[in-house]
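These protein sequences, in sequence, are chains Y and Z. If you use this note's numbering, the first sequence closes out at 150, no skipped numbers anywhere. If you use this note's numbering, the second sequence closes out at 1896, no skipped numbers anywhere. For glycine and all other residues, C-beta sits at the position ideal for the given N, C-alpha and C. To keep things clear, I will list the structure first and then write my remarks on it.
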Amino acid sequence: MEKLNKNDFVTIWLDGQMCGIPVLEVHDVLSRQTITKVPKSPVAVAGVLNLRGQIVTAIDLRKRLKLKDRDEGMEEMNIVVEYQKEPYSLIIDSVGDVLSLSEEAFERNPVTLDPHWQSVSNGIFRLENELLVILDIEKLLTLDESKVAA
Amino acid sequence: MDDLLNEFLTETFESIEVVDLELVELEKDPNNKSVLDNIFRLVHTIKGTCGFLGLPRLEAVAHSGENVLGKFRDGEMKVTPEAVTLILTALDRIKEILVGLEQNQQEPSGDDSEIINQLNAMAEGNLYLVETPKVIEEAPIMVSDVRPSVPGEVTLDELEAAFLAAPGPDDEDPVEEAVNVSVQETVKAAEVKKEEVVKANGSSKEGSIANQSIRVTVDVLDNLMNMVSELVLTRNQLMQISRRTGESEFAIPLQRLSQCTTELQEGVMKTRMQPIGNAWSKLPRIIRDLQMELGKKIDLQMLGADTELDRQVLELIKDPLTHMIRNSADHGIEKIEDRIAAGKKETGTIRLNAFHEGGQIIIEISDDGAGLSVEKLKAKALSNGLATEEELAEMSDQQIQRFIFHAGFSTAAKVTSVSGRGVGMDVVRSNIEKIGGAIELKSTEGKGTTFLIKIPLTLAIVSALIVESGTERFAIPQISVLELVRASGDSNHKIEYINSTPVLRLRDRLLPLLHLNKILGFEEGDNMDADSLREDFIIITQVGDFTFGIVVDRVFDTEEIVVKPVAPILRDLNVFSGNTILGDGTVIMILDPNGIASEANEAMSELSDQRAEEEDDVSRATFEDKEAILLFRAGGDTKRAVPLSLVSRLEEIDVSKIEISEGNKMVQYRGKLMPLVLINDKYDIKSEGRQPMLVFTNDDKAMGIIVDEISDIKEDSIKVELSSKAIGQLGTAIIDGVATEVIDIAYYFEKTFNDWQMGMDAIPVELKSKRKNILIVDDSTFFLNLLKPLLTASGYNVTIASTAVEALKLREKGLDFDLIISDIDMPEMNGFEFAEEVRENGIWRETPLVALSANSSQARFDKGREVGFDNYVEKLDRDTLLKAIEEQINNHETAA
């Protein structure tokens, strides 16, 4: 788990679940953006958006994690990360604080965790009142469904 | 000093490349004075600069080379292949030294006396062969008309004067010095006319211009390009605002800004664009050397060398191109004897052609050589284990030819120093694909091979047409738009349909149309029908030889866009060639007509696949395929259906004719008493008038079902979606888009006559479907397509699943089959695993399972038995397969 030695995480909310993204990977936090849909793209791809002249691919984490869709008019935020030198925007419900966590509170994913979550999470931090699911950017942005079997 | 050295190195490398090229040219046309002058000048410049930088080795070699060239130029010596080879060798030596210089910042040590001696000897008229440097002592071949190498008729004074008169280079002294050296050298070398001094001077001046230019890393250019792109976008944005607000004081400065931006943009683009010819400059030399080495005669034609390409892309395709040309020369073009034997010209032709098409750059490499031998490729594929014989048998020649793109595949029977090492075309392909390109190949054995490389313009500002489809806007590169047609009922053009396939009549041509909405998977309403009010915009575009129209909802303006590649996550979408930001700041996808065309083809084949699958589902349902269905109402508004084939007659009876006997209603019908049946108690026979009735007969028994109304007869499939527990009903099916109850005639017969055992069995059988349902699981679409008709023709209903997982999904849906045939080698879940799963759980536990595989070794046979297959049949053994199917089904039925 050497990836986690910088244990600072931006907390985000997704359908009532608190998740963490390593703070070093976060480039930007944006409010709701105008998004251009991309026909025929994988389901999790919400579309593309213009971030200060840069084209950013937006991934709806609710869809990525197979959660239910946001209700109409619900707040949404964007977290911009970079993966393989390409910017991606993760659409989430809201952003919380940045937390510095100690390694001791870290746990592996429970084996019973939903496979969708298993496949994108590196583990879990026990917080006082809540559990923080650490999301892995690389895994989030590897869409196995991108190729639809013929 | 270091900077100067680097400058020198890059410049010299470039010069040498040019010399390489020109020498080959010279060899072909020894009397071409301008080429010779050019070569002389370049070598001379190299020498001059070397002297200045203190590089004695380089200087010495260049000097000797120059001496020989000087003789050529003065006509004292003939341009012979031997001499050219010698000079080329000298150039190679110079290159070697340069490489060493580049690495260590100083000249590598080494002895050049041999080559210098040869050159000098040649300059003096003593010709030595390059290949035999050891035999210098042997009697040299004397070249006639040798003139002593002395300063010519021009006196030094004259020269001096000429030199002073010529406009001197206006920058630093070093160059001046170089020029001095060069002039003196020129004088030493041979007789020089006044103008030529000026020329030499001019050439040195060219060198000084080269010194003025700076080399910039591509990163810097990329950055600049990005900034300019931004500028262009901002300019567009401003222009849009200005257009909206109308006249304002900003209009004029904005105009100027716009103009400057455009110029800047063009300028920056130019820095990145280079003619593709730059990547080709080495090829003539390579071909020349190959001709010598291989003993072939090859004519290299290069067309479209000025087609411009992004520098980066150019760098990346340089090596693949070189490799392919080598291949063509080595494998493609036959030896002279073979060519003559084949009735071809002695000289083989390799043709390189580059051009723009549809926003892409196409590079064509064709040769008129031997072509690819499909048989050889097959043998090779087989021995390399790339395919089995069965697979090969199923492949088209084109597919087999594509094997050359596999790693480790070389058809050259023997490895030559040129090619045939089996690391080649796969690398070429991957390199081209890396930059988003594609490579295709066409080859006819005995006629030649043509490779087609398509490279997209990944970085460029292009003019694009903005269109709307669905609710989204898209850009389509102007370059791929041939014309724009507005089609509506009242205009000259309108969309016509051939069996619901839209076409457009355009100037005596019939163009196929593609609806962008459909291609992009947008839901579309009933806009397909040729509504006279409807307006369609059709973009006529061309991909290869295929001209077609793309129907869009709206067409907006054209706009300058900066093509940016899409994120890797979206790179699989071939309908888009990139994306861009419009003037208003929104991101928009750029459509790729090539992708659309191929997508359309796919969609068409997929559609037919889907249709086939649907039909399969239908055929495996309780009833036969599509059939005429009688729709009626009886009690309530519920639609009810019965297959028309079961109905003998539709009648209307006068209710007054209805009689009652033993509490049952009946009517005299054709001289017999026919019982009348109500299918439920929610309705009754009218008290007067006429009542519609469906007459069913079986053997000599007839029954009338009284209905409220006979609604319609539809051609559709009865696919029972929900089976029913209600008596007298088979279930609910969607017929003509409406949920419809399908009634069970057999039940009413039974109820009416109480003796279905005796008389009714014909009907239940018919209803149950006589055909056996078979599921085939195989990942090879080809094989499925082969097997399906075979089994269908043999009287089975066939359902196909292309993976075991897909098959298991059918099981989850509760579909039952009489027999399952499964392939063994499949991705995800293989046949053995599938069989285990089938035997373990679910409704197929008892279903006969037949394994089907190309590999039927005893071990696999046993394994198959072990995991639960009832039989194991070799692929393509039709008779055995049919026999096995019949046997298994029969066994199963008798067992059950």
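Residues bridged to residue i (per DSSP)
i	result
Z:G1549	Z:L1513, Z:I1540
Z:A1090	None; Z:A1090 has no bridge partner.
Z:T1799	Z:L1775
Z:I1590	Z:A1475, Z:G1578
Z:Y1748	Z:Y1748 pairs with nothing; no bridge assigned.
Z:H1892	Looking at the DSSP assignment, Z:H1892 forms no beta bridge with any residue, so it has no partner.
Y:R79	First, the amino acid is wrong: residue 79 of chain Y is Ile here, not Arg. Y:V29, Y:L90, per the DSSP bridge assignment.
Y:N50	Y:I55
Z:Y1497	Z:P1502
Exposed unless 16 or more other CB atoms sit within 10 angstroms - verdict on residue i
i	result
Y:G73	exposed
Z:N1499	exposed
Z:P1081	exposed
Z:N1797	buried
Z:R1690	exposed
Z:D1879	exposed
Z:Y1497	exposed
Z:I1363	buried
Z:Q1668	exposed
Z:N1871	buried
Z:K1380	buried
Y:R52	exposed
Y:S121	buried
Cβ neighbours of residue i in the same chain (closer than 7 angstroms, five flanking residues each side left out)
i	result
Z:K1863	F1832
Z:E1346	K1297, I1336, R1339, I1340
Z:S1598	N1574
Z:E1886	none
Z:L1791	I1774, V1798
Z:S1587	Note on identity: in this sequence residue 1587 of chain Z is Val, with Ser being the wrong assignment. Answer for Z:V1587: N1579, I1581, listed in chain order.
Z:L1042	S1015, V1018, V1019
Z:K1564	G1578, N1579, T1580
Own chain residues within Cβ distance below 6 angstroms of residue i, not counting five before or after
i	result
Z:N1680	G1635
Z:E1138	Confidence in Z:E1138 is poor, its pLDDT being 40 and thus under 50, which makes the residue's placement unreliable; the coordinate value appears in the next sentence. Contacts found: none.
Z:L1775	T1799, F1817, I1820
Z:F1869	A1835, L1849, A1851
Z:S1258	R1235
Z:K1494	A1487
Y:R126	A105
Sequence-distant residues of the same chain with beta carbon closer than 8 angstroms to residue i, five excluded per side
i	result
Z:E1914	Residue 1914 of chain Z is absent from the model: chain Z starts at 1001 and stops at 1896.
Z:L1644	E1627, A1628, I1629, L1630, I1713
Z:D1299	T1347, G1348, T1349, I1350
Z:A1251	S1242
Z:W1280	M1302, A1305, L1321, L1352
Requested in this report: Pair every Cβ in the segment 1286–1294 of chain Z with every Cβ in the segment 1319–1336 of chain Z, then say whether three or more of these pairs are closer than 8 angstroms.
Outcome: yes
Query raised in the report: Counting Cβ pairs closer than 8 angstroms, one from the segment 1003–1021 of chain Z and one from the segment 58–65 of chain Y, do we hit at least three?
Result: no
Report task. Count the CB pairs spanning the segment 1494–1505 of chain Z and the segment 1554–1568 of chain Z that are closer than 8 angstroms, and state whether there are at least three. Result -> no
Query raised in the report: Taking contact to mean at least 3 C-beta pairs separated by less than 8 angstroms, is the segment 1066–1077 of chain Z in contact with the segment 1092–1107 of chain Z?
Result: no
Report task. State whether the segment 1340–1356 of chain Z contacts the segment 1364–1377 of chain Z, with contact taken as three or more CB pairs (one from each stretch) at a distance under 8 angstroms. Result -> yes
Requested in this report: Closer than 7 angstroms, Cβ to Cβ, to anything on chain Y: give me those residues from the segment 1566–1598 of chain Z, in chain order.
Outcome: A1567, P1568, I1569, L1570, D1572, L1573, V1575, N1579, I1581, G1585, T1586, V1587, I1588, M1589
Report task. Pull out every residue of the segment 1823–1853 of chain Z whose Cβ sits closer than 8 angstroms to any Cβ of chain Y, in chain order. Result -> none
Query raised in the report: How about the segment 42–54 of chain Y and the segment 111–127 of chain Y: do they share at least three Cβ pairs that are nearer than 8 angstroms?
Result: no
Query raised in the report: Taking three-plus beta-carbon pairs below 8 angstroms as touching, is the segment 8–23 of chain Y in contact with the segment 1535–1555 of chain Z?
Result: no
Report task. Select from the segment 1506–1526 of chain Z all residues with a C-beta closer than 8 angstroms to any C-beta belonging to chain Y, and list them in chain order. Result -> L1520, G1521, F1522
Query raised in the report: Is it a yes or a no for the segment 1234–1243 of chain Z touching the segment 1315–1323 of chain Z, going by three-plus beta-carbon pairs under 8 angstroms?
Result: no
Query - Residues from the segment 27–41 of chain Y in contact with chain Z, defined by Cβ distance under 7 angstroms - result: T34, T36, K37, V38, P39, K40, S41
Query raised in the report: Are the segment 1032–1051 of chain Z and the segment 1302–1310 of chain Z in contact at 8 angstroms, needing three or more beta carbon pairs?
Result: no
Report task. Check each residue of the segment 44–63 of chain Y: if its Cβ is closer than 7 angstroms to any Cβ of chain Z, include it; give the result in chain order. Result -> V45, V48, L49, N50, G53, I55, T57
Query raised in the report: Using a beta-carbon distance cut-off of less than 9 angstroms, what residues from the segment 1229–1257 of chain Z approach chain Y?
Result: S1229, E1230, L1233, T1234
Query - Near-chain Y residues of the segment 1442–1473 of chain Z (beta-carbon distance less than 7 angstroms), N- to C-terminal order - result: E1472
Report task. Name, going along the chain, the residues of the segment 121–145 of chain Y whose beta-carbon falls closer than 8 angstroms to a beta-carbon of chain Z. Result -> L141, L143
Query raised in the report: Between the segment 1550–1565 of chain Z and chain Y, which residues of the former have CB atoms less than 8 angstroms from a CB of the latter, in chain order?
Result: K1564
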